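One point on numbering: in the numbering used here, the residue at position 212 of the sequence shown is 326, and numbering is uninterrupted.
Following: one structure in structure tokens, then a few remarks.
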Amino acid sequence: MSASFGLFRLQQIDSQIAQVETRLAKIQKTLEDNAELQAALEQVKSAEEEQRASERAQRKSEDEAQSQQIKIQQAESSLYGGVVRNPKELQDLQADVASLKKHLTVLEEHELEDMLRTEAAQSVAKEAQSKLSQIQARLGGEHRQLFEEKESLVNELERLQSERQAAVSAIAADVLKAYDELRQQRRGVAVAEVSDNACGACGTTLTAAIQQTARHAADIVHCPACGRILYAV
Ligand SMILES: [Zn+2]
């Protein structure tokens, strides 16, 4: 067995660990990143605020129109009640009624505008609420799946960590240190398998002598181009 076999095994485990960790980080981010949900919640909130404001305005304009109608009724009952007989006074009352009615028209216009505004606001709020419900339903399903995947990845990670411990225990401390340093320098890959007479990581063609050493020697041999530890079956 070559010296690099234990390192190659360790490299395989470390690559798997790195893969699992990358996926776990991505899942975590997806679970935390709920920008879409936040936006939908904001929309519901502002639509409901608008709805409440327009409902308040509508009630106010209804009250104003109603009290205007009462004023008109009172003025008309004075006008036609027969109590006031003075022509000048009657004329004034008539003018009052006309002006009160004219203002009522304006108030009723406001009432109508507010009613339409309320209806529009209600429909916007209803739409925002239904969009929010859709997002919540969809995210619920997606998140459940992600939680399940996360759980199985965490188990896998534990298994890999104990495999790693076993693999590391068979490697000399100085070799392990060199391996760790190489991994940091070479984007996580310190050991390359020889395949088709070339370094499996950088693709450089290797001499027969180098391949022979990688296969059998007790010493560790490095790729002359990328410096990775070579392993050959
Ligand atoms: Zn190489």
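Idealized CB from N, CA, C, for every residue including glycine.
Values in this document were obtained by computation on a predicted structure and should not be read as measured data.
CA-to-CA distance, residue j to residue i, given in whole angstroms
{"i": "VAL305", "j": "HIS257", "result": "37 Å"}
{"i": "LYS264", "j": "SER118", "result": "33 Å"}
{"i": "THR321", "j": "LEU121", "result": "21 Å"}
{"i": "ASP288", "j": "ASN311", "result": "28 Å"}
{"i": "SER283", "j": "LEU344", "result": "20 Å"}
{"i": "GLU277", "j": "GLN126", "result": "11 Å"}
{"i": "LEU246", "j": "GLU146", "result": "17 Å"}
{"i": "ALA339", "j": "CYS316", "result": "8 Å"}
{"i": "GLN183", "j": "SER160", "result": "35 Å"}
{"i": "GLN205", "j": "HIS217", "result": "19 Å"}
{"i": "ILE334", "j": "LYS140", "result": "36 Å"}
{"i": "HIS336", "j": "THR318", "result": "12 Å"}
{"i": "ARG199", "j": "THR219", "result": "29 Å"}
{"i": "LYS240", "j": "GLN165", "result": "10 Å"}
{"i": "ALA286", "j": "GLY255", "result": "48 Å"}
{"i": "SER97", "j": "LEU226", "result": "The structure shown does not extend to residue 97, since the chain is modelled only from 115 through 347, so no value can be given for it."}
{"i": "GLU203", "j": "SER237", "result": "51 Å"}
{"i": "HIS224", "j": "GLN259", "result": "53 Å"}
{"i": "SER129", "j": "GLY302", "result": "7 Å"}
{"i": "PHE261", "j": "GLN279", "result": "27 Å"}
Bridge-paired residues (DSSP) for residue i
{"i": "GLU307", "result": "TYR345"}
{"i": "ALA312", "result": "SER309 and THR319"}
{"i": "HIS224", "result": "None; HIS224 has no bridge partner."}
{"i": "HIS336", "result": "ILE343"}
Closer than 8 Å: residue i CB and nearest ligand 1 heavy atom
{"i": "THR318", "result": "yes"}
{"i": "ALA339", "result": "yes"}
{"i": "ALA315", "result": "yes"}
{"i": "ALA281", "result": "no"}
{"i": "ARG297", "result": "no"}
{"i": "GLY301", "result": "Here residue 301 turns out to be Arg, not Gly, going by the sequence shown. No."}
{"i": "ALA346", "result": "no"}
{"i": "ALA304", "result": "no"}
{"i": "ARG342", "result": "yes"}
Beta-carbon contacts of residue i that lie in its chain and below 8 Å, excluding the five residues immediately before and after
{"i": "ILE249", "result": "GLU150, LEU151 and ALA154"}
{"i": "LEU271", "result": "ILE131, VAL134, GLU135 and LEU138"}
{"i": "MET229", "result": "GLN172"}
{"i": "VAL211", "result": "ILE186, ALA189, GLU190 and LEU193"}
{"i": "ARG300", "result": "ALA315, CYS340, GLY341 and ARG342"}
Cβ neighbours of residue i in the same chain (closer than 6 Å, five flanking residues each side left out)
{"i": "THR232", "result": "SER168, GLU169 and GLN172"}
{"i": "LEU296", "result": "ALA304"}
{"i": "GLN243", "result": "VAL158"}
{"i": "ALA346", "result": "VAL308, GLN325, ALA328 and ARG329"}
{"i": "VAL268", "result": "none"}
{"i": "TYR293", "result": "LEU121 and ALA304"}
Contacts around residue i, its chain only, beta-carbon distance under 7 Å, and the 5 residues preceding and following it disregarded
{"i": "ARG123", "result": "ALA281"}
{"i": "GLN208", "result": "LEU193"}
{"i": "GLU201", "result": "The displayed chain sequence assigns Pro, not Glu, to residue 201. Taken in chain order, the list of residues that qualify is empty."}
{"i": "LEU221", "result": "SER175, GLU178, ALA179 and GLN182"}
{"i": "LYS215", "result": "ILE186"}
{"i": "THR144", "result": "LEU260"}
Sequence ranges, alpha helix (DSSP H) only - wholly within the region 144-209, length at least 4: Taking 4 residues as the minimum length, the alpha helix (DSSP H) runs contained wholly in the region 144-209 are 149-194, in order along the chain.
Entirely enclosed beta strand (DSSP E) segments - the region 246-314, minimum 3 residues: 305-309
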